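Protein chains in written order, with this note's numbering: chain A, 1259 to 1359; chain B, 1259 to 1359.
Even for Gly, the Cβ is constructed at its ideal location relative to N, Cα and C.
This structure is a prediction, so every number in the text was calculated from the model and none was measured.
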DNA sequence: CGTGTAAGGAATTCTGACACG
DNA sequence: CGTGTAAGGAATTCTGACACG
């Protein structure tokens, strides 16, 4: 159904290209993943694949780090955002439920 | 100025991923490049990078090949399209020239 | 805590060529 | 003409660890 994952969300970019675009080192990018700030896909053989959206998030993370924010704090913000997303999702399913019940 | 190359046009995808998405073999993809049907970027070390737009074009090429169209013919169509683009571009620069002269 | 680096292995990509047709 | 494949080399990516602070 939701076959049309937009170009922005499709995880198809290797870490080398991400490095080049963001200016961040591979080490940093992998570290932010370890700290659960970013979630690349993996190919069967284990290479990381990022989306343009991931790249945007990496730039935001980099800014915060430069401002002295710790990865732990950054993660909290992400969780908060996701909670909002979840609420939206629940509202949607609520509406759908009502519509058909 | 035109920094905002859209996600669709940015050449950031490796040939392995293109293979996976299109279902075409590396051999085919490289062959279509040799026949000047597709124009990936190259990293400094020589690896090919494709855009989502390239992937779309590859699928179109694959369809035509299956229909028995030869690469030579497919290239003609591409040149024809580019000519139309050029005309559009000339019209644009014509308008701009007028506006400021 | 955040990041650099050397280490060794595994998987990827590249090119030019031989093959079939 | 379009495509598969084996060949050998070069560049990439991966992980776990040591280092500094």
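Is it buried or exposed, residue i, if we count other Cβ atoms within 10 angstroms and call 16 or more buried?
{"i": "residue 1268/B", "result": "buried"}
{"i": "residue 1295/B", "result": "buried"}
{"i": "residue 1287/A", "result": "buried"}
{"i": "residue 1349/A", "result": "exposed"}
{"i": "residue 1337/A", "result": "exposed"}
{"i": "residue 1319/A", "result": "buried"}
{"i": "residue 1346/A", "result": "exposed"}
{"i": "residue 1359/A", "result": "Confidence is the limiting factor: at residue 1359/A the pLDDT is only 42, short of 50, which leaves the residue's position unreliable, though a coordinate-based value still follows. With fewer than 16 other Cβ atoms within 10 Å, it is exposed."}
{"i": "residue 1339/A", "result": "exposed"}
Please report the Cβ distance between residue i and residue j, rounded to the nearest whole angstrom; I am assuming they are in contact, meaning their Cβ atoms lie under 8 Å.
{"i": "residue 1290/A", "j": "residue 1316/A", "result": "7 Å"}
{"i": "residue 1322/B", "j": "residue 1313/B", "result": "Incorrect: roughly 15 Å between the Cβ atoms, too far for contact."}
{"i": "residue 1254/B", "j": "residue 1329/B", "result": "Past the edges of chain B, shown from 1259 to 1359, lies residue 1254/B, and the structure says nothing about it."}
{"i": "residue 1265/A", "j": "residue 1266/B", "result": "5 Å"}
{"i": "residue 1277/B", "j": "residue 1283/B", "result": "7 Å"}
Can at least three beta-carbon pairs, one atom from the region 1303-1323 of chain B and one from the region 1266-1286 of chain B, be found at a separation below 8 Å? Contact holds: three or more Cβ-Cβ distances are below 8 Å.
Could you name each continuous alpha helix (DSSP H) segment of 4 residues or more that falls completely within the region 1263-1328 of chain A, going from the start of the chain to the end? Taking 4 residues as the minimum length, the alpha helix (DSSP H) runs contained wholly in the region 1263-1328 of chain A are 1273-1280, 1284-1292, 1310-1324, in order along the chain.
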